[in-house]
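There are 2 protein chains.
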Amino acid sequence: MAFADQHGLESLSMRKLGQQLGVEAMSLYKHVKNKDDLLDGLIELALDEIEIPREDDGWKDGMRRRARSARAMFARHPWAVSLVESRGNPGPTAMVYYDSVIGCLRRGGFDIAGAAHAFAVLDAFVFGFAVQERNLPFDSSEQVAALGTEVLAQLPQDRFPYFTEMLKEHALAPGYSYAAEFDFGLELILDGLERLLPGSS
Amino acid sequence: MAFADQHGLESLSMRKLGQQLGVEAMSLYKHVKNKDDLLDGLIELALDEIEIPREDDGWKDGMRRRARSARAMFARHPWAVSLVESRGNPGPTAMVYYDSVIGCLRRGGFDIAGAAHAFAVLDAFVFGFAVQERNLPFDSSEQVAALGTEVLAQLPQDRFPYFTEMLKEHALAPGYSYAAEFDFGLELILDGLERLLPGSS
DNA sequence: CTGGCAGGCTTACAGCGTAAGCTTGGCTTA
DNA sequence: TAAGCCAAGCTTACGCTGTAAGCCTGCCAG
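Chains as they are written, first to last, in our numbering: chain A, 387 to 587; chain B, 387 to 587.
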């Protein structure tokens, strides 16, 4: 995990990892079945950093908590995005996660189908947002400004009037942060789900 | 693209691609700068299959159209998911796509910030859903039944009561299709966005 | 007729995951 | 104390990858 955080997932090879540990590549195979096994372990570590809903959380707080912490985890470990994307089989940590999320929704009043809906839409949003955020070609707001003005200079602005406008008057405006879009989307979805509940007319 | 559809992205190597074309691997480099260049071209082809909103679409219809067609494209070309995920730089097709989406929203009455919100949440959902769907370890509903019962048999059911329940009574129920979750989430988000509009009090 | 050049081919290299087998040192047990 | 096992490392080798460098051939313009 330290290696992935430091050097990125694409440069994690058995040889380099061994080198960092002061060991030959093949020695790692005493501890790990193969590279996929190692990557599965990495996912497990990453998923374990996602906070699951507490027993005493209402469904909305519980979902908010896990969504926010998932986003934070993906921001801390960008490699986890590609990893989760590229391999499917849920490990034990994923099972705990699934069960606690569904449980939180069911206790909050959702029927089975409703909980499935809620889970699907929230999960898709959280993960999709993590991907978007990781693919942004900048990290800080100085970088976004620099890159934005450069793009603007090269762009045939008359061909993309709406995009240009948004870049100029929104994304490049002081204080803009893409991260804020996360809370917006999250609350929108949570409010929409709330309306499904019996008793919200 | 044909090769990727047929054999999957992971087995697309320059040598194998050349072989399929009756040509040596290195010959491809006369037409393509390097493999990344080729992959960028693939993305371009894939994105081009996403329907963009029509001029006469209302914002809701426009967004629904592009969301649905994006999902359909990802279903047709599963490799496009990993590809979009792994490389960021938007090409010309992506620019057209961005501009038309933002334009559709703006014409529909969203202010700049609102359009940015809407774009972000919809895009995250659509892409996140595509990833989920691609990672499902089954393709048909017979497969889901077979796999589901197998998982159920192995699972320590008492440890994951909610998950077990959902599997038994929902996912394994006849006629269940994960795909239906897409429209649910999409409409939920669209309805949520509608409420942002002035005049919907 | 000639030059350029597009489109292919050949060779070669470094890096990858990993199969197969070897060495070593410490612990367990008789 | 001796015997045996085994965990943890090392070595070598194989087939795969992307691609740099350079060569050959045939078409087409001047």
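Heads up, the beta-carbon is just placed ideally off N, CA and C, and yes, glycines get one too.
The three-state reading of DSSP puts arginine 450 (chain B) in helix, counting H, G and I together. Boundaries of the alpha helix (DSSP H) harbouring valine 512 (chain B): 498-521, taken from the DSSP string. Taking each of A:Asp485, A:Leu414 and A:Arg492 in turn and checking the Cα distance to arginine 401 (chain A), the smallest one comes out for A:Leu414. Residues of the stretch 559-576 of chain A that bring their beta carbon within less than 7 Å of a beta carbon in chain B comprise Glu567, Phe570, Gly571, Leu574 and Ile575, in sequence order.
Just measuring C-alpha positions, the residue of B:Arg440, B:Thr550 and B:Phe505 sitting nearest glycine 578 (chain B) is B:Phe505. Arginine 457 (chain B) is outside the set of residues whose beta carbon lies under 8 Å from a beta carbon in chain A.
By the C-beta criterion, the stretch 521-538 of chain A is judged not to be in contact with the stretch 522-529 of chain B, since fewer than 3 inter-stretch pairs fall below 8 Å.
Nearest C-alpha to glycine 561 (chain A) among B:Ala499, B:Gly534 and B:Thr550: B:Ala499.
In the pairwise beta carbon analysis, the stretch 580-587 of chain A is classified as not touching the stretch 540-559 of chain A: fewer than three pairs are separated by under 8 Å.
In the three-state reduction of the DSSP assignment, aspartate 422 (chain A) falls in the helix class.
With 16 or more other Cβ atoms inside 10 Å of its own Cβ, aspartate 485 (chain B) counts as buried. Annotated as proximal: glutamate 410 (chain A) and glycine 404 (chain A), with beta-carbon spacing under 8 Å. Taking 8 Å as the cut-off, the beta carbon of valine 512 (chain A) is found no closer than this to the beta carbon of alanine 566 (chain A).
By the neighbour-count criterion, in which 16 or more other beta carbons inside 10 Å mark a residue as buried, leucine 574 (chain A) falls on the buried side. Straight through space, the alpha carbons of alanine 516 (chain B) and valine 467 (chain B) are spaced by roughly 7 Å. Pairwise C-beta distances place the stretch 477-493 of chain A in contact with the stretch 434-451 of chain A, as three or more of them are shorter than 8 Å.
The criterion of a C-beta distance shorter than 8 Å is not satisfied by leucine 425 (chain B) and arginine 462 (chain B). With a threshold of 16 other beta carbon atoms within 10 Å, glutamine 392 (chain B) falls short and is exposed.
Under the Cβ distance rule, isoleucine 498 (chain B) counts among the residues neighbouring chain A, one pair being separated by less than 8 Å. Taking C-beta atoms as the reference points, alanine 453 (chain A) and leucine 508 (chain A) count as a pair closer than 8 Å. Shown here for glutamate 437 (chain B): same chain residues with a beta carbon closer than 7 Å to its own, the five before and five after excluded, namely Arg451, Arg452 and Ser455 in chain order.
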